């Protein structure tokens, strides 16, 4: 994709019960994606940290943003995810056009 001039953004795993139960594996995957992104000079959207913040810091129960299977986001979760990802892309594009270096973390954690 990069060779064709296509921008790439990796998205790390969801923080949901099925994944959170295997914290060590999830943490390794998040680190691996970060390492690949650094190597390839691409961005990673920190979905795992966003969703963990919703649950742990904001004290949201999983059923607020995850469906009953404990693995997939519900409409509310996807709407928040889409808004945050869109905001991040817009902010990054604006900084590129302005010639500003993009900071490592352009996220604003804001559940809808």
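In this note's numbering, the protein residues as written are 4 to 115. C-beta atoms are modelled at their ideal positions from N, C-alpha and C, and glycine is treated no differently. What you are looking at is a predicted structure, and each value in this text was computed from that prediction instead of being measured.
Query                                                                                                                                                                                   : Result
Use the C-beta contact count for residue 11: other C-beta atoms within 10 angstroms, 16 or more gives buried, fewer gives exposed.                                                      : exposed
Would you identify the three-state DSSP class for residue 84, choosing helix, strand or coil?                                                                                           : helix
Counting along the chain, where does the beta strand (DSSP E) carrying residue 12 start and finish?                                                                                     : 12-14
Leaving out the 5 sequence neighbours to the left and right, which residues in its chain are closer than 6 Å to residue 45 when beta-carbon positions are compared?                     : 11
So, is residue 15 buried or exposed, given that buried needs 16 or more other C-beta atoms within 10 angstroms?                                                                         : buried
Kindly list the residues whose CB is nearer than 6 Å to the CB of residue 51, restricted to its own chain and excluding five residues on each side of it in sequence; keep chain order. : 15, 16, 18 and 33
Hey, quick one: how far does the beta strand (DSSP E) through residue 48 stretch, first residue to last?                                                                                : 46-48
CA-CA distance, residue 53 and residue 43?                                                                                                                                              : 23 Å
In three-state DSSP terms, what is residue 76?                                                                                                                                          : strand
What does the Cβ neighbour count give for residue 87, buried or exposed, with the cut at 16 atoms within 10 Å?                                                                          : buried
Quick check on the DSSP output: the alpha helix (DSSP H) that includes residue 41 runs from which residue to which?                                                                     : 26-43
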